[in-house]
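Numbering (mature numbering (1 follows the signal peptide of the UniProt record, and there is no 0)), first residue to last: -19 to -1, 1 to 122.
The C-beta atom is built at its ideal place from N, Cα and C for all residues, glycine as well.
Fair warning: this is a prediction, and the values are worked out from it, not measured in the lab.
Below is one structure; the comments refer to it alone.
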Amino acid sequence: MHPTPFLALGFAYATTSVASHMAATQWTIRGMTRTIDSKDTLCTYDFAIDTNGDGVSKCVYSVVGSPASQTEVSPDFALGCGPFTVSSKWNGVFGDGNGFTTWQVVDYAKKIETFPSYEDWALKNGTAVEPDRSFVVQPLV
């Protein structure tokens, strides 16, 4: 059995539709910086959340801990950044020198979220991560 031209055309249209929808479902984290004091007891994050369509929201917050660069901001104490709620957690599962932090960025009004993640080595003290990184947005579960 051979597909009819109508079915083949319908498939091509669906593929194009899905691809363009996926391109619209990423947010870009712009200018991500992490600044740590000399004792690693105060850590400040500074970045912007670009929805690539609905605007850009600046986010600056500090974490106190020991070490602050590995201190969690739990969802119970999540921070507001424009329309977003932001929490974070550090992970060292891959061993010394291979730690990373994952953020949960939620837009509760639209019921969507993304999980930006940055390796410790990429978050050089006070230097913006380049290039900016984009992350897939998904429905809030």
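Residue i to residue j span [Cα, whole Å]
i: Thr6; j: Val117; result: 6 Å
i: Val87; j: Pro112; result: 23 Å
i: Thr108; j: Met13; result: 8 Å
i: Gly78; j: Tyr89; result: 34 Å
i: Val41; j: Lys105; result: 17 Å
i: Arg11; j: Thr82; result: 16 Å
Simplified DSSP state of residue i, which is helix, strand or coil
i: Ala109; result: coil
i: Phe28; result: strand
i: Asp88; result: strand
i: Ser69; result: strand
Exposure of residue i, with buried meaning 16 or more beta-carbon neighbours within 10 Å
i: Ser69; result: buried
i: Pro97; result: buried
i: Trp102; result: exposed
i: Phe28; result: buried
i: Phe65; result: buried
i: Ser50; result: buried
For residue i: DSSP bridge partner residues
i: Pro64; result: Bridge partners of Pro64: none, in fact.
i: Leu104; result: Leu104 pairs with nothing; no bridge assigned.
i: Pro120; result: Ile93
i: Gln7; result: Val117
i: Thr82; result: Trp71 and Tyr99
i: Thr52; result: Answer is none; Thr52 lacks a bridge partner.
i: Lys39; result: Ala29
message = Contact between the stretch 43 to 58 and the stretch 91 to 100 is defined here as three or more beta-carbon pairs at a separation below 8 Å; is this criterion met?
response = The stretch 43 to 58 makes no contact with the stretch 91 to 100, as fewer than three CB pairs between them are under 8 Å.
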